[in-house]
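One line per chain: the protein sequences are A and B, in this order.
With our numbering, the residue at position 59 of the first sequence is 64, and numbering never jumps.
With our numbering, the residue at position 6 of the second sequence is 73, and numbering never jumps.
First up is the structure itself, then whatever we jot down about it.
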Amino acid sequence: GENVEQHPSTLSVQEGDSAVIKCTYSDSASNYFPWYKQELGKRPQLIIDIRSNVGEKKDQRIAVTLNKTAKHFSLHITETQPEDSAVYFCAAKLSGGADGLTFGKGTHLIIQP
Amino acid sequence: DTAVSQTPKYLVTQMGNDKSIKCEQNLGHDTMYWYKQDSKKFLKIMFSYNNKELIINETVPNRFSPKSPDKAHLNLHINSLELGDSAVYFCASSPQLAAYNEQFFGPGTRLTVL
Chain A
6 GENVEQHPST LSVQEGDSAV IKCTYSDSAS NYFPWYKQEL GKRPQLIIDI RSNVGEKKDQ
66 RIAVTLNKTA KHFSLHITET QPEDSAVYFC AAKLSGGADG LTFGKGTHLI IQP
Chain B
68 DTAVSQTPKY LVTQMGNDKS IKCEQNLGHD TMYWYKQDSK KFLKIMFSYN NKELIINETV
128 PNRFSPKSPD KAHLNLHINS LELGDSAVYF CASSPQLAAY NEQFFGPGTR LTVL
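And the structure:
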């Protein structure tokens, strides 16, 4: 099955700086890579996703890049704000679709004022 | 207008008991899932249901049984609860089984086994 590694487990940045979270996946058959944000006590919510036929996608301060050859993808948050503090999860889904999402272990992002 | 709802939000019970968690989605989605989030926040897929048929069962003990009376509901029944079952359980749904569909999560059920 698929295996997703995520780093770092904790990331502390100054407000206004950028944050980068990296993930690698093992199964080359995966073709969908979403990122979820989970605030304390809340449900995971999708913030951005990317398909395997795209190398980069941007939505305001958030961007995701995908390198299929190296099997890694990254989340970039620019101009970080206090409300960006949360746990972020990367995930991968196999092209067959029968499996659910395989998640990374999460990154606790802390925005220092 | 909640898209994916779960009940109860909190569940505290004794070891050995049997309990159920209910999930409903009003999005008209074909596929529903159950995920378990442990104390370290690790999210892991337990089951997928597509049009009332079980698609996968990821090494989950057979004490856990998903039940889907119709496409909008996927309930989770747990027999003989153990301490290790304590976790937050999330239900989710997606439009279709295809890979590119966003999954929408319910609010979660925090299960505590004493």
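C-beta atoms are modelled at their ideal positions from N, C-alpha and C, and glycine is treated no differently.
Quick check on residue i: does DSSP put it in helix, strand or coil?
i	result
A:E88	helix
A:D64	strand
A:D32	coil
B:L148	coil
A:L106	coil
B:P133	strand
B:N93	coil
A:D54	strand
A:S17	strand
A:E44	coil
B:L181	coil
A:N8	coil
B:M24	This structure leaves residue 24 of chain B out entirely; chain B is present only between 68 and 181.
B:N168	coil
With distances taken between CB atoms, is the gap from residue i to residue j smaller than 7 Å?
i	j	result
B:Y36	A:Y37	Any answer about residue 36 of chain B is impossible in this case: the structure gives chain B only from 68 up to 181.
A:L114	A:L45	no
B:F157	A:K110	no
A:K42	A:Q50	yes
B:N104	B:V155	Note that residue 104 of chain B is Gln in the sequence shown here, rather than Asn. Cβ distance < 7 Å, so B:Q104 and B:V155 count as in contact.
A:A57	A:L99	Note that residue 57 of chain A corresponds to Ser in the displayed sequence, not to Ala. Contact flag unset, no.
Along the beta strand (DSSP E) that carries residue i, what are the first and last residues, could you check?
i	result
B:A159	154-161
B:F109	No beta strand (DSSP E) contains B:F109, which DSSP labels as neither H nor E.
B:V71	71-74
A:Q117	112-117
B:N124	120-124
Give me the chain E residues within the contact set of residue i, using Cβ-Cβ distance strictly less than 9 Å, ordered along the chain.
i	result
A:D54	Protein chains A and B are contained in the structure displayed, whereas chain E is not.
Taking 8 Å as the cut-off, does the stretch 28-43 of chain A touch the stretch 140-153 of chain B (at least 3 CB pairs, one atom from each stretch)?
No, because fewer than three Cβ pairs between the stretch 140-153 of chain B and the stretch 28-43 of chain A fall closer than 8 Å, the two stretches do not touch.
Below 8 Å, how does it come out for the stretch 83-101 of chain B and the stretch 123-141 of chain B: are there three or more Cβ pairs, yes or no?
Yes, since at least three Cβ pairs between the stretch 83-101 of chain B and the stretch 123-141 of chain B fall closer than 8 Å, the two stretches touch.
Along the stretch 11-41 of chain A, where does the CB come closer than 9 Å to a CB of chain B? Name the residues.
When C-beta distances to chain B are compared with 9 Å, the residues of the stretch 11-41 of chain A below that value are S35, N36, Y37, P39, Y41, in chain order.
Which residues, in order along the stretch 100-120 of chain B, keep a beta-carbon less than 9 Å from a beta-carbon of chain A?
Among the residues of the stretch 100-120 of chain B, those with a Cβ less than 9 Å away from any Cβ of chain A are Y100, W101, Y102, Q104, K107, K108, F109, L110, K111, I112, M113, F114, S115, N117, in the order of the chain.
Taking beta-carbon pairs under 9 Å, can you tell me which members of the stretch 64-77 of chain A lie near chain B?
Under the 9 Å Cβ criterion, the stretch 64-77 of chain A contributes no residue.
For the stretch 71-86 of chain B and the stretch 83-103 of chain A, state whether three or more C-beta atom pairs, one from each stretch, are separated by less than 8 Å.
Taking a contact to require three or more Cβ pairs closer than 8 Å, the stretch 71-86 of chain B and the stretch 83-103 of chain A do not qualify as touching.
Return the residues of the stretch 76-99 of chain B that lie within a Cβ-Cβ distance of less than 8 Å from chain A, sorted by chain order.
Of all residues in the stretch 76-99 of chain B, none is placed with a Cβ closer than 8 Å to any Cβ belonging to chain A.
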